[in-house]
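Enquirer:
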Amino acid sequence: MTTTTWVIIAIVAVLILVVLAFVARSASHRHHRVQANRIREDVQEQSERLDKREAIATETEAKARAAQAEAEVKAAEAARLQDRATGHREHLDSSREELDAQRERADSLDPRTKSAEKHAHEATDDDAVRAERAHKVN
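Here is the structure:
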């Protein structure tokens with residue numbers, strides 16, 4: 000074989016190697032593109048799930064703020080009602096004391112009340128004596 004033939008064979012061999020390298024490189028690039036597309040799809044799905052979770056978290060936070068505000072309003076109303084009830088109770092106690100004082104004054108002025116208290120006291124003493132005698136008999 001002549002030198003020219005060997006040169007042609009070498010050139011063809013080099014061309015075949017270049018084509019094989021190009022095909023292998025293209026296949027590798029194609030595989031990487033497919034893999035990158037899969038990763039992008041996964042990222043998109045996860046991003047959508049995260050967006051939904053973020054919307055739920057935002058909604059829950061808003062509900063919590065509304066509930067907190069409502070609780071504060073109710074606490075303020077409860078405190079106001081408690082103050083009002085305390086005022087009523089103090090006025091009631093004061094009025095009762097005044098009525099008791101007036102009743103005692105009326106009783107001290109009425110002679111019948113004094114004798115009624117004396118009879119009530121004597122009746123209580125008689126009941127105690129009878130109960131003691133009954134207890135001794137049994």
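For the sequence shown, numbering that gives the first Met the number 0 gives the first residue as 0, with consecutive numbering after it.
Glycine included, every Cβ here is placed at the ideal spot set by N, Cα and C.
(1) For residue 41 and residue 48, what's the separation of their Cα atoms in angstroms?
(2) Do you know offhand how far residue 21's Cα is from residue 54's?
(3) Quick check on DSSP: helix, strand or coil for residue 41?
(4) Let me know the secondary structure DSSP gives residue 57 once reduced to three states.
Expert: Quick answer:
(1) The residue labelled residue 41 in the question sits at position 42 within the sequence shown. The residue labelled residue 48 in the question sits at position 49 within the sequence shown. Spanning the two alpha carbons is a distance of roughly 11 Å.
(2) Residue 21 sits at position 22 when you count from the first residue of the sequence shown. Residue 54 sits at position 55 when you count from the first residue of the sequence shown. Distance between the alpha carbons of residue 21 and residue 54: 49 Å.
(3) Here residue 41 corresponds to residue number 42 of the sequence shown, with the count starting at 1. Secondary structure at residue 41: helix, using DSSP grouped into helix, strand and coil.
(4) Within the sequence shown, the letter at position 58 stands for residue 57. The answer is helix: DSSP assigns residue 57 an H, G or I state.
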